[in-house]
Structures are given as structure tokens and as C-alpha cells.
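Numbering (the numbering used here), first residue to last: 2 to 167.
First comes the structure, then the notes that go with it.
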Amino acid sequence: MIEIFQGGITELDVDAIVNAANHSLLGGGGVDGAIHRAAGMRLVEACKLLNGCDTGDAKNTPGFDLSASYVIHTVGPIWYGGDNNEAALLESCYRRSFEIAIAQGDIKTIAFPSISTGVYGYPKEKAADIAINVMKEFEGEFEKIIACVFSPNDFELYRSKLSDPS
Ligand code: AR6
């Protein structure tokens, strides 16, 4: 089942939340900042042991003070106009996050923010198409996948795409 939730991802009571991080994995603004604030200082200590992360890849940590048991940190591409492998890298973020969740073994519910669509500038509609395609591919492996959006416009974007049978 794929659901849409509008609001802060740290509020969600799921097994894992995905973080739209940067190469350092040491925190930042946007959803990354919110997750680090809510998880507490132990999160950055755990992230320091991971030696960063490549764009399109993902790594997981415990969720510490979050209600989510795990945070899966992924690094989305910066949008440079679309001819710099952005789509494949964004798709890889979703796919690697799902693969890590499956390998973890005890993640049945997972929530994703709209990776790369904030500071990294990825056009929201193109990003939503990629997110939803990969979510549909992995839908059978999870009890619930949540697309967590922040704005009413993003909620409507996901709602219209998810209700479109094509
Ligand atoms: N919960 C859910 N979604 C959120 C939240 C939240 N609390 N806060 C923002 N969003 P961004 P990026 C939405 O900029 O583009 C960081 O500094 C937001 O509206 O957080 O991948 C990292 O450290 C947008 O739709 O991530 C990196 O340096 C989406 O989350 C860089 O930003 C992603 O926006 C990553 O940029």
C-alpha cells in the first residue's frame, strides 16, 4: 500500500524513515536538519562512523529518539538541468533505500521525503514520477510505503499521480 502524508516526516510512526542527506551524512538543513534534531545527538555520532555516502547510494542507522527504529540516509542528485544523470541517480536513491530496508529484515513500514526537491532543486513533478515508479516496484515487499510531502501542492501532485492508472 502506498499512502501520502503531508507534514513532518519525524512525526511518523513507521519502522524506517528515509533522510535526504548530503555526502557527509553529518546533517544539514531541510528534512535532514529536522531528522537530526528529532533523533538527538546520537544520530550524528552514528553517522560519523559511516564515512559519508555517494550520490544515489544509501546507508542506515538506528533512529535513536525518533519513533522510527531506523533512518536510511540517501544522497540525492543536485539538479543541473537534467543532462547530468540526475534521473538515474534519483531512481537509485529510492531503489538503494528499499534494498537496504529489505536487507535489514525488520522493516515493514517506510516513509520517504521527496528527495532532492528542496535545496537540491530537482523539479517536483519529474521527481514524483521517479519516486512513485520505484515505490510501485517495491510495494509488494512492504506493509506500507508512505510518500511524505511537506506542502499542499506536493500532496496534490502525488495524489493525482497515484490515482492515475497509467
Ligand atoms: N519532513 C518532510 N519533508 C520535508 C521536511 C520535513 N521535516 N522538511 C523539508 N521537507 P531538502 P534535498 C521537504 O532541501 O533537496 C540538506 O541541507 C522539502 O519541502 O530537505 O534533497 C541536506 O543536508 C522538499 O520537498 O532536501 C543536503 O545538503 C524535500 O523535503 C540537502 O539539503 C527535500 O528537501 C539535500 O537537499
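Where a beta carbon is used, it is the ideal one built from N, C-alpha and C, also for glycine.
query: 3-residue-minimum beta strand (DSSP E) runs that sit fully inside the segment 13-58, ordered along the chain; result: 17-22
query: Residue 219, enclosing beta strand (DSSP E) - first and last residue; result: In this structure the chain extends from 2 to 167, so residue 219 is not present and cannot be described.
query: Close-in-space but distant-in-sequence residues of the same chain around residue 122 (CB under 7 angstroms, 5 per side omitted); result: 79 and 80
query: Contact test: residue 110 Cβ vs ligand 1 heavy atom, cutoff 7 angstroms; result: no
query: Residue 156: CB within 7 angstroms of a non-hydrogen atom of ligand 1; result: no
query: For residue 76, the residue or residues it bridges with in DSSP; result: 22
query: Residue 113, DSSP secondary structure in three states; result: strand
query: Backbone secondary structure at residue 156 - three-state DSSP; result: helix
query: Cα-Cα separation, residue 84 to residue 90; result: 12 angstroms
query: Heavy atom of ligand 1 within 7 angstroms of residue 149 beta-carbon; result: yes
query: Top-ranked residue by Cα proximity to residue 86, from 51, 57, 45 and 144; result: 57
query: Minimum C-alpha distance to residue 106 - residue among 149, 143 and 137; result: 143
query: Three-state secondary structure assigned by DSSP to residue 120; result: coil
query: Own chain, CB closer than 6 angstroms to residue 59, minus 5 neighbours either side, in chain order; result: 73, 75, 97, 98 and 101
query: Assigned exposure category for residue 55 - 16 Cβ within 10 Å defines buried; result: exposed
query: C-beta contact flag for residue 126 and residue 158 at 8 angstroms; result: yes
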